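Right, one structure below, let's go through it.
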Amino acid sequence: MLTIKLPQIFRVHQVPRIFWEDGIISGYRHPKSSALDCILSSFQMTNETVNIWTHFLPTWYFVWRFLVLSSSLDFCRDAYNWPFLVYMLLVCLYPFTSSCAHTFSTMSTHARHICYFFDYGALSLYSLGCAFTYGAYAMPDRWVNSTLHHYFVPMAAFNSFICTSLSCYSRFPELECPRLSKVLRTTAFVYPFVYDNIPLFYRLLFCVGDGCTWNDATAGYFYHLFFALLTGFLFASHLPERLAPGRFDYIGHSHQLFHICAVVGTHFQLEAVLSDVRSRQAWLSTQAPAPAFSATFGTVSLALLGNLLIIGGFTVALLRWPGGSSILQSTHLRHRQPGPAGEPAHHRGFHCGPATLAGWLLHPAEHRARGGPSQGAVMPTHPPPETAVTCPRRSPLSPHR
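With the numbering used here, letter number 227 in the sequence shown gets 921, and the count goes up by one each step, no holes.
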């Protein structure tokens, strides 16, 4: 009889600190899992299982919506629908990439960071997809054919490069400067969100009188913004697990709630944009030129290529980083309890003053040669022999997603 042995799971002090999450005490997978183990782990309860499925299942919901809409909207010959086509493809891409990143992020330390590099790139491209639809269908009447309207999508493509670069870079100073890393990563996603939603903020909050484009899509946009703001709050706060470390390890921690809110917000966004696509087509067709093939697919192709090059650059930097193997001095971990409110112990005692930041940002290799803060970091203890996890020395990159 064929039997399948599920991978073993570990507690926080049994895995390298690179894999630690704020307020999460148990449910960690082996940090050098095989691809098969990673797939099998999605069918057992770990602290990543719900993260995997909360984006894997919505991927197929969005694929189904795309296929249904393909029967009613002419995506091939009607240029008016091309921006919406780009948006739908990227809406299907970002949750799938996220699900894959969470699934395979424990194959190795390097694999973990590369997986999340691609996750960040997919989110950056999704923000570009939002700009395509807002520029084509959600722009307030009085802004159509304005300077902002003409440059809205090209600027969003440039923003995607900034987003991917900042978010990928934010993984490098995590152990030495966790607050800096968190600020960089949060800024990387807040900035394109604010830019993309300028038309909505004006249309929903500031516009009065004629030309404000109040229609059936308005409620959907409000719901989308509400869930987007809730998503950002959960990402930044790590609540509720910071208040009760260990209690939400498997179900209910912030990253799971973050995934759910992001998907629900995307659903409302999709329905609102679709309402604008249908209700404003007659008016927009007479007021704005039809999207050009080169401007639409050329822009998204260049953005895709540019983001892949950025990810490739950070991957090469990760693999060749000087000092990358000299920081984690032990392959085993010595027990340290999490800090206050679930903060990992390695977050305490690190100080990121101006000199530290300057050294990190301008001369990382020289800074490490002098001995940065993490050189003297206390490492967790060797776990019990029967559950010890041994790993090669790795770069002190982010324990956060």
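We put the beta carbon where it would ideally sit given N, CA and C, even for glycine.
Here the structure is a predicted model, which is why all the values come from computation and not from measurement.
Open item on the list: Counting beta carbon pairs with one atom in the region 762-771 and one in the region 710-722, are three or more of them shorter than 8 Å?
Closed with: no
Open item on the list: Do L819 and L1126 have their beta-carbon atoms positioned less than 8 Å apart in this structure?
Closed with: Residue 1126 lies beyond the residue range present for the chain, which begins at 695 and ends at 1095; the question has no answer from this structure.
Task: Pick from I954, D943, W977 that is closest to I703, judged by C-alpha positions - done: D943
Task: Exposed unless 16 or more other CB atoms sit within 10 angstroms - verdict on L951 - done: buried
- [ ] Please state whether DSSP places I856 in a helix, a strand or coil.
- [x] helix
- [ ] Scan the region 724-810 and note each continuous alpha helix (DSSP H) run of 4 residues or more that stays entirely inside, going in chain order.
- [x] 729-735, 743-764, 776-798
Open item on the list: Between which residues of its own chain and T791 is the CB-CB distance below 6 Å, once the five residues before and five after are set aside?
Closed with: F812, D813, A816
Open item on the list: I'd like to know whether the C-beta atoms of N1001 and F846 end up nearer to each other than 8 Å.
Closed with: no
- [ ] May I ask you to list the residues that DSSP assigns as paired with F704?
- [x] Y722
- [ ] Compute the beta-carbon to beta-carbon distance between Y828 and V971, rounded to the nearest angstrom, for a pair I have assumed lies under 8 Å.
- [x] That belief does not hold up - the Cβ atoms of Y828 and V971 are roughly 12 Å apart, past 8 Å.
Task: Coil, strand or helix - M849 by DSSP - done: helix
Task: Distance between S727 and T858 (C-alpha atoms, nearest Å) - done: 27 Å
- [ ] Determine the direct distance from the alpha carbon of S969 to that of D910, and round the result to whole angstroms.
- [x] 7 Å
Task: Through-space distance from H707 to Q1031, alpha-carbon basis - done: Any reading at Q1031 is ruled out, since the residue's pLDDT is 43, under 50, leaving its predicted position unreliable.
Task: Where R1042 falls, given that 16 or more other Cβ within 10 Å makes a residue buried - done: Because R1042 sits at a pLDDT of 42, beneath the cut-off of 50, its placement in the model cannot be relied upon, and the point is left open.
TODO: Count the other C-beta atoms from every protein chain shown that fall within 10 angstroms of the C-beta of H796, then say buried if there are 16 or more, exposed otherwise.
DONE: buried
TODO: Reducing DSSP to helix, strand and coil, say where W977 ends up.
DONE: helix
Open item on the list: Judging by CA-CA distance, which residue of F920, S875, D904 is the nearest neighbour of N891?
Closed with: F920
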